[in-house]
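J.:
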Amino acid sequence: MVNVVDRKPRRFWRNSPADAILLGICVVQFAGTIALAALTPAGLLPRLASAILVAVMMTYSLIVVTHLFVHQPWFADDRLNSVMSMVSSANIAQSVQAYHLSHVRNHHRYNNDRKRDGTTADLSSTFRYSQDDEHAPLLRYLAFSLVASIQDYAITVASLVRLGGVGPGEATLRDLAARHPARRAAELGQIRWDRLAQLAFTALLAVLSWQWVLMCYLPAVAVALTLVNVQNYYRHFGAEPDSRYANSVSHYGRLYNRLTFNDGYHQEHHLRPTTHWSRLPEVAERYQEQLDEAGRVVSPVPAVVGFLDIGRSAEHSPATLPAR
Numbered sequence: 440m441v442n443v444v445d446r447k448p449r450r451f452w453r454n455s456p457a458d459a460i461l462l463g464i465c466v467v468q469f470a471g472t473i474a475l476a477a478l479t480p481a482g483l484l485p486r487l488a489s490a491i492l493v494a495v496m497m498t499y500s501l502i503v504v505t506h507l508f509v510h511q512p513w514f515a516d517d518r519l520n521s522v523m524s525m526v527s528s529a530n531i532a533q534s535v536q537a538y539h540l541s542h543v544r545n546h547h548r549y550n551n552d553r554k555r556d557g558t559t560a561d562l563s564s565t566f567r568y569s570q571d572d573e574h575a576p577l578l579r580y581l582a583f584s585l586v587a588s589i590q591d592y593a594i595t596v597a598s599l600v601r602l603g604g605v606g607p608g609e610a611t612l613r614d615l616a617a618r619h620p621a622r623r624a625a626e627l628g629q630i631r632w633d634r635l636a637q638l639a640f641t642a643l644l645a646v647l648s649w650q651w652v653l654m655c656y657l658p659a660v661a662v663a664l665t666l667v668n669v670q671n672y673y674r675h676f677g678a679e680p681d682s683r684y685a686n687s688v689s690h691y692g693r694l695y696n697r698l699t700f701n702d703g704y705h706q707e708h709h710l711r712p713t714t715h716w717s718r719l720p721e722v723a724e725r726y727q728e729q730l731d732e733a734g735r736v737v738s739p740v741p742a743v744v745g746f747l748d749i750g751r752s753a754e755h756s757p758a759t760l761p762a763r
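Just so we're aligned, residue 440 is where the sequence shown starts under the numbering used here, counting upward by one.
(1) Once the 5 residues before and after residue 636 are set aside, which same chain residues still bring their CB inside 6 Å of it?
(2) How is residue 558 classed by DSSP in three states: helix, strand or coil?
(3) When the Cα atoms are used, what is the spatial distance from residue 500 to residue 531?
(4) Need the endpoints of the alpha helix (DSSP H) that residue 654 sits in, please.
(5) Assuming residue 736 contacts residue 688 under a Cβ cut-off of 8 Å, what Cβ separation, rounded to an integer in Å, is found between them?
(6) Can you give the beta carbon distance from residue 630 to residue 534, rounded, assuming they're within the 8 Å contact cut?
(7) Hey, residue 545 and residue 571 are a contact pair by Cβ (cut 8 Å); roughly how many whole angstroms apart?
(8) Quick check on DSSP: helix, strand or coil for residue 467?
(9) Smallest Cα separation from residue 662: which of 589, 673 and 642?
(10) If you draw a straight line from the alpha carbon of residue 505 to that of residue 516, how long is it in whole angstroms?
(11) Round the Cβ separation of residue 615 and residue 664 to the nearest angstrom and send it over; I've been treating them as touching at under 8 Å.
(12) Going by the beta-carbon positions, is the gap between residue 656 and residue 742 smaller than 9 Å?
(13) Is the separation between the beta-carbon of residue 493 and that of residue 660 shorter than 9 Å?
(14) Could you tell me the alpha carbon to alpha carbon distance between residue 713 and residue 467, rounded to whole angstroms?
(15) Quick one: complete alpha helix (DSSP H) runs, 4+ long, within the segment 542-619?
(16) Three-state secondary structure (DSSP) at residue 632?
(17) Does the beta-carbon of residue 608 have 16 or more other beta-carbons within 10 angstroms, so that it is buried, or is it exposed?
(18) How long is the line joining the alpha carbons of residue 652 and residue 724, rounded to whole angstroms?
(19) What are the residues that DSSP puts in a beta bridge with residue 514?
(20) Under a Cβ-count criterion, where at least 16 other Cβ atoms within 10 Å of its own Cβ denotes burial, should residue 722 be classed as buried or exposed?
(21) Taking residue 695 as the reference, which of 709, 740 and 618 has the closest Cα?
(22) In chain order, what residues of the same chain have a beta carbon less than 6 Å from the beta carbon of residue 646, not counting five sequence neighbours either side?
(23) Tell me which residue opens and which closes the alpha helix (DSSP H) that residue 722 is part of.
(24) Between residue 654 and the rest of its own chain, which residues show a CB-CB distance below 7 Å, the 5 nearest in sequence each way excluded?
(25) With a CB to CB cut of under 8 Å and the five nearest residues on each side skipped, what residues in its chain are close to residue 693?
(26) From the DSSP output, in three-state form, read off residue 500 for me.
(27) Entirely within the segment 669-733 and at least 4 residues each: give me those alpha helix (DSSP H) ranges in chain order.
(28) With distances taken between CB atoms, is the gap from residue 612 to residue 599 smaller than 9 Å?
(29) Do you know offhand how far residue 555's Cα is from residue 639's?
(30) Would residue 707 be called buried (16 or more neighbouring beta carbons within 10 Å of its own) or exposed?
Written out as structure tokens, the structure is:
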């Protein structure tokens, strides 16, 4: 008689089957971008519409889909997560693993800090490019951030001579990578594969239509990165970096949070960055008293259109701020 050993079924999803929706969005963007490169007809209006669509898809992926993935990888199998990192890198025109290092290990450690010794520890801080001790003006922040993104893109292209490897001059990535030798090698190796996937995807688009890449895709990438920086700016503009319960800005619009998987719960996300997106409203309930007492900023509009929050812009403009 054969003994049958009961075995627990292997998990496919690391956190929740609901992440299948995010996976579907990621795949649609990947295929949709290829279709646009192949099928967009010549002409100003078709190309403009194509560029807008690419910018919208990429912005949404950076703000929502990829952001959630770098905090909570979707699959129980790390090999699947590695493949998804490569696909997502093609979608957002940058390495997802590098994004993980700069966002999770840097931004969530320093929480949009103020300047000390002339700069900020948070590489994306809204105070980083200011000429005083306050938030940088929006346009100045966007300009400097875009220049930094273009430099990163150039570094990625140049990395082809090393087959996408992280070079000795890329001190920031090397400093943020894990100290443990095996983990460090895996993280830096994933950046290599991400970069190769990103560059191969761009090459495929150029083969389909190099004119589309020049006139639609690359401008759309620049617009998407700018919109993401607008989002980051108003996620923290007016917040208090030194307060655990008031160092970022939330927006509780029901429709927005349904469409963005609770992206508006940003203060809650900073409190518990490893919490799955589906449980962020629970974090809001759990810390309601502390959040209310902190005097934090709650925006009536999503961060990507935070400039419409006129009251906050007026309250934190240089003319209305007390001298430090």
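Virtual Cβ for every residue (Gly too), placed ideally from N, Cα, C. Remember, predicted model here, so these are calculated numbers, not experimental data.
T.: To lay it out plainly:
(1) As a position in the sequence shown, residue 636 is number 197, starting the count at 1. Only 525, 528 and 529 meet the Cβ criterion.
(2) For the purposes of this step, residue 558 is identified with residue 119 of the sequence shown, where counting begins at 1. It is a strand residue.
(3) As a working mapping, residue 500 is identified with position 61 in the sequence shown. As a working mapping, residue 531 is identified with position 92 in the sequence shown. Cα to Cα, the separation comes out at about 7 Å.
(4) Position 215 of the sequence shown, counting from 1, holds the residue named residue 654. No alpha helix (DSSP H) contains residue 654, which DSSP labels as neither H nor E.
(5) In the sequence shown, counting from the first residue as 1, residue 736 sits at position 297. In the sequence shown, counting from the first residue as 1, residue 688 sits at position 249. Rounded, the Cβ-Cβ distance is 5 Å, consistent with contact.
(6) In the sequence shown, counting from the first residue as 1, residue 630 sits at position 191. In the sequence shown, counting from the first residue as 1, residue 534 sits at position 95. So it is a contact: roughly 5 Å between Cβ atoms.
(7) Residue mapping note: residue 545 aligns to position 106 of the sequence shown, counting from 1. Residue mapping note: residue 571 aligns to position 132 of the sequence shown, counting from 1. About 23 Å separates the two Cβ atoms, so there is no contact after all.
(8) Numbered from its first residue, the sequence shown carries residue 467 at position 28. Note: residue 467 maps to helix in three-state DSSP.
(9) Numbered from 1 along the sequence shown, position 223 holds the residue referred to as residue 662. With distances taken between Cα atoms, residue 662 lies closest to 589.
(10) Residue mapping note: residue 505 aligns to position 66 of the sequence shown, counting from 1. Residue mapping note: residue 516 aligns to position 77 of the sequence shown, counting from 1. Rounded to the nearest angstrom, the two C-alpha atoms are 18 Å apart.
(11) For this step, residue 615 is matched to residue 176 along the sequence shown. For this step, residue 664 is matched to residue 225 along the sequence shown. Actually they do not touch by this definition, with Cβ atoms about 20 Å apart.
(12) Here residue 656 refers to the residue found at position 217 when the sequence shown is read from its first residue. Here residue 742 refers to the residue found at position 303 when the sequence shown is read from its first residue. The answer is no: Cβ separation not under 9 Å.
(13) Locating residue 493 in the sequence shown gives position 54, where the first residue counts as 1. Locating residue 660 in the sequence shown gives position 221, where the first residue counts as 1. Against a cut-off of 9 Å, the Cβ pair of residue 660 and residue 493 comes out as a contact.
(14) Reading the sequence shown from its first residue, position 274 is the one you call residue 713. Reading the sequence shown from its first residue, position 28 is the one you call residue 467. Taking the straight line joining both Cα atoms gives about 26 Å.
(15) 577-597 and 610-615
(16) Position 193 of the sequence shown, counting from 1, holds the residue named residue 632. Residue 632: helix per DSSP, three-state reduction.
(17) Taking the sequence shown and counting its residues from 1, the one referred to as residue 608 is at position 169. By the neighbour-count rule (16 or more Cβ atoms within 10 Å), residue 608 is not buried but exposed.
(18) In the sequence shown, the residue the question calls residue 652 occupies position 213. In the sequence shown, the residue the question calls residue 724 occupies position 285. Whole-angstrom Cα-Cα distance: 46 Å.
(19) Within the sequence shown, the letter at position 75 stands for residue 514. DSSP lists 452 as partners of residue 514.
(20) Looking up residue 722 in the sequence shown gives position 283. Residue 722 should be labelled buried.
(21) The residue given as residue 695 occupies position 256 in the sequence shown. Closest option to residue 695, Cα to Cα, is 740.
(22) Here residue 646 refers to the residue found at position 207 when the sequence shown is read from its first residue. Closer than 6 Å at the Cβ level, and outside the excluded window around residue 646, lies no residue.
(23) By 1-based counting over the sequence shown, the position of residue 722 is 283. Counting along the chain, the alpha helix (DSSP H) containing residue 722 begins and ends at 719-725.
(24) In the sequence shown, residue 654 corresponds to position 215, counting from 1. The residues are 486.
(25) Residue numbering aside, residue 693 sits at position 254 when the sequence shown is read from its first letter. Counting only Cβ-Cβ distances below 8 Å, and skipping sequence neighbours, we find nothing.
(26) For the purposes of this step, residue 500 is identified with residue 61 of the sequence shown, where counting begins at 1. Note: residue 500 maps to helix in three-state DSSP.
(27) 693-698, 705-710, 719-725 and 727-732
(28) To locate residue 612, count along the sequence shown from 1; it is residue 173. To locate residue 599, count along the sequence shown from 1; it is residue 160. Contact: no.
(29) Counted from its first residue, the sequence shown places residue 555 at position 116. Counted from its first residue, the sequence shown places residue 639 at position 200. Computed Cα separation, rounded: 40 Å.
(30) Position 268 of the sequence shown, counted from the start, is the residue given in the question as residue 707. Buried is the call here.
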